[in-house]
Amino acid sequence: MKKRIASKPRAAILTWCNNNGPTNYGQILQCYATQHLVREAGYEPLVVQYRKKGSRDLLAHNFSNRTALGRAMNRYYERYYNQQVVEQEKSPRVERFTAFIQRYIPLSAPCYTKKMVEDMTKDCDILVCGSDQIWNPVCFDPVWFLDFGTPKQKRIACAPSGIFYEKEEYKECYQKMAFLIEQLDEINVRERIGADILRKYVKKEIKVREDPTLRLGQKQWDKVADKKLVEGNYIFCYLLGSLSPYQMILRELKCGYQAEKIVYISTNLLLEEGYREFLKYEDAGPAQFLSLIKYAKAVCTDSFHGTAMALQYGIPFYNVRRVHKGTEAFGGGERINNLLQERGLPERWVRNVSDIRQMTFKYDGLMNKDTCM
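One point on numbering: in our numbering, the residue at position 276 of the sequence shown is 320, and numbering is uninterrupted.
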């Protein structure tokens with residue numbers, strides 16, 4: 045008689061993954077890293093694809109995930125919603141994101157309500173929330189604080205982010221958050237500033253833990269990264285805000301690192317025209333994004349996860365302020381500041397060409413110190 049092999053305990057992960065459109069590099073990479081760490085801890089991960097429907101939704105009805113037909117209908121609708129409302133079109137970039145998720149991330153059928161999440165996770169032993177900005181008061185939702193399930197299920201906050209400012213308008217929301225956070229068994233947040241603010245409202249111990257992307261080594265990222273995509277030496281630019289104000293900085297970096305070209309990815313936050321002398325890489329998925337960072341001579345970015353992946357690959361990086369109206373509430377600069385300070389690298393911000401020329405380089409010998417312009 046064959047000995048029965050005991051199944052692994054299951055862990056449900058509540059984080060952003062394919063929630064707000066399928067082409068967010070940081071969102072997908074942090075989700076991949078989180079589920080990888082959960083698997084390494086001995087659990088079988090399930091990433092819950094949760095999104096509360098809003099005014100832009102085309103269908104108010106939710107099909108039950110208890111049947112195969114219902115799960116299929118919800119998946120079909122979510123693809124349709126992303127194509128029609130979020131991305132407006134199906135592109136090779138979207139297809140690469142979809143393929144990456146299907147290959148590497150165990151994603152549930154879409155859930156749109158607390159009850160659907162509860163049904164999806166009822167057989168899970170532990171519930172994990174994080175990482176990413178799921179605790180931002182701008183988009184407060186109790187589900188992201190694991191406000192569901194049974195008392196038997198252990199609840200862990202794994203580096204959620206989103207709390208950056210002590211504003212009077214957020215005080216009531218922080219009090220609501222505190223009540224929910226007190227119900228968790230372990231509390232780890234990503235930024236020290238977030239921990240400091242929450243400690244004024246929460247009695248339980250709150251620890252600071254790095255973003256999951258920073259807890260995976262280069263060898264692990266290599267397993268999901270693409271091969272080298274661009275011939276020759278290049279500077280890689282990844283900005284969620286406008287590129288236009290930083291053209292001179294990019295040309296200075298190109299000269300200083302003796303690179304042949306500047307490669308950039310356009311994002312869905314701003315649709316800008318192409319730039320003369322710059323190579324636009326249009327269709328990068330997560331695997332291509334990792335490759336473009338890995339093989340760059342240097343990286344210029346206003347992104348937290350752009351900075352994080354440059355750090356993991358040991359690539360010289362330069363941070364610029366995000367130029368885009370409406371992103372201040374999501375703490376672009378604060379997130380990067382926290383990361384740089386924790387790593388002892390507060391000097392990576394650059395405002396102009398002079399800052400680059402005067403910078404004391406952490407990566408000695410990698411840049412030509414002669415004046416380029």
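Every residue, glycine too, gets a C-beta built ideally from N, C-alpha and C. Just so we're clear, the structure is a prediction, and the values are computed from it rather than from any experiment.
So, under 8 Å CB-CB, I250 and R243 are touching, yes? Tell me the CB distance rounded to an integer number of Å.
By one-based count along the sequence shown, residue 250 stands at place 206. By one-based count along the sequence shown, residue 243 stands at place 199. Indeed they touch by this definition, with Cβ atoms about 6 Å apart.
I49 versus F192: straight-line alpha-carbon distance, rounded:
Locating residue 49 in the sequence shown gives position 5, where the first residue counts as 1. Locating residue 192 in the sequence shown gives position 148, where the first residue counts as 1. Caution is warranted here: a pLDDT of 49 is assigned to I49, below 50, making its placement in the model unreliable, and the coordinate value is therefore given only provisionally. Distance between I49 and F192, taken at the CA atoms: about 30 Å.
Across which residues does DSSP place V172 in a beta bridge pair?
Taking the first residue of the sequence shown as 1, we reach residue 172 at position 128. Beta-bridge pairing links V172 to I57 and I200.
Answer with buried or exposed for F141, where buried requires no fewer than 16 other C-beta atoms within 10 angstroms of its C-beta.
The sequence position of residue 141 within the sequence shown is 97, counting from 1. It counts as buried.
E326: buried (16+ other C-beta within 10 angstroms of its C-beta) or exposed?
Looking up residue 326 in the sequence shown gives position 282. Burial call: exposed.
Three-state secondary structure assigned by DSSP to A328
The residue given as residue 328 occupies position 284 in the sequence shown. Of the three classes helix, strand and coil, the one that applies to A328 here is coil, per DSSP.
Closest to R401 by CA distance: which of I231, Y362 and Q71 is it?
Counting from 1 along the sequence shown, the entry for residue 401 is found at position 357. Out of I231, Y362 and Q71, Y362 has the C-alpha closest to the C-alpha of R401.
In angstroms, rounded to a whole number, what distance separates the CA positions of C75 and A352?
Position 31 of the sequence shown, counted from the first residue, corresponds to residue 75. Position 308 of the sequence shown, counted from the first residue, corresponds to residue 352. Computed Cα separation, rounded: 14 Å.
Please list the segments of the beta strand (DSSP E) lying wholly inside the segment 60-117, counting only runs of 3 or more residues, in order along the chain.
88-92
Alpha carbon to alpha carbon, how far is N109 from I359? Give it in angstroms, no decimals.
Reading the sequence shown from its first residue, position 315 is the one you call residue 359. Reading the sequence shown from its first residue, position 65 is the one you call residue 109. Cα-Cα distance, rounded: 44 Å.
Determine the closest residue to C155 out of A203, P195, H105 and V82, with distance taken between C-alpha atoms.
Position 111 of the sequence shown, counted from the first residue, corresponds to residue 155. Considering only alpha carbons, the answer is H105.
When DSSP labels each residue in this structure, what does V307 get in the three-state scheme?
Residue mapping note: residue 307 aligns to position 263 of the sequence shown, counting from 1. Note: V307 maps to strand in three-state DSSP.
I need the straight-line Cα distance from A56 to H368, nearest angstrom please.
By one-based count along the sequence shown, residue 56 stands at place 12. By one-based count along the sequence shown, residue 368 stands at place 324. So the two alpha carbons sit approximately 34 Å from each other.
For A328 and L273, the rounded distance between their alpha carbons
Residue mapping note: residue 273 aligns to position 229 of the sequence shown, counting from 1. Residue mapping note: residue 328 aligns to position 284 of the sequence shown, counting from 1. Looking at the two C-alpha atoms, the distance is approximately 10 Å.
What's the call for N396, buried or exposed, on a 16-neighbour Cβ count within 10 Å?
As a first step, residue 396 must be located in the sequence shown, where it is residue number 352. So N396 ends up on the exposed side.
Report the residue from D176, D167 and L384 whose alpha carbon sits nearest the alpha carbon of W60.
For the purposes of this step, residue 60 is identified with residue 16 of the sequence shown, where counting begins at 1. The residue with the shortest Cα to Cα distance from W60 is D176.
For F184, the three-state DSSP class (helix, strand or coil)
For this step, residue 184 is matched to residue 140 along the sequence shown. Correct three-state label for F184: coil.
Going by DSSP, what residue range makes up the beta strand (DSSP E) through F280?
Position 236 of the sequence shown, counted from the start, is the residue given in the question as residue 280. First-last of the beta strand (DSSP E) with F280: Y278 to Y282.
If we count the other Cβ atoms within 10 Å of its Cβ and call it buried at 16 or more, is V182 buried or exposed?
As a position in the sequence shown, residue 182 is number 138, starting the count at 1. Classification for V182: exposed.
Residues near R253 by beta carbon distance below 8 Å, same chain, minus five either side:
Position 209 of the sequence shown, counted from the start, is the residue given in the question as residue 253. Excluding positions up to five away in sequence, the list reads C202, A203, N232, V233 and R234.
Hey, would you say T257 sits closer than 8 Å to L73, going by beta carbons?
Here residue 257 refers to the residue found at position 213 of the sequence shown. Here residue 73 refers to the residue found at position 29 of the sequence shown. Yes, the Cβ-Cβ distance between T257 and L73 is below 8 Å.
Report the rounded CA-to-CA distance for T311 versus E122, giving the unit in angstroms.
Counting from 1 along the sequence shown, the entry for residue 311 is found at position 267. Counting from 1 along the sequence shown, the entry for residue 122 is found at position 78. In a straight line, the C-alpha of T311 is about 21 Å away from that of E122.
Could you check whether the segment 263-273 touches the segment 281-301, counting it as contact only if at least three pairs of C-beta atoms, one from each stretch, sit closer than 8 Å?
no
Please give the ranges of any alpha helix (DSSP H) in the segment 122-162, keeping only runs that are unbroken, at least 4 residues long and fully inside the region.
Runs of the alpha helix (DSSP H) inside the segment 122-162: 136-148.
If you follow the beta strand (DSSP E) that V233 is part of, which residue opens it and which one closes it?
Stepping through the sequence shown from its first residue, residue 233 is reached at position 189. Segment E230 to V233, the beta strand (DSSP E) holding V233.
From N62, I279, L355 and Q332, pick the residue whose C-alpha is nearest to that of R259; which is it?
For the purposes of this step, residue 259 is identified with residue 215 of the sequence shown, where counting begins at 1. Residue L355 holds the alpha-carbon nearest to the alpha-carbon of R259 among N62, I279, L355 and Q332.
On the DSSP bridge list, what partners appear for W265?
For this step, residue 265 is matched to residue 221 along the sequence shown. W265 pairs with nothing; no bridge assigned.
Using only the alpha-carbon positions, how far apart do R295 and L389 sit?
Locating residue 295 in the sequence shown gives position 251, counting from the first residue. Locating residue 389 in the sequence shown gives position 345, counting from the first residue. Looking at the two C-alpha atoms, the distance is approximately 23 Å.
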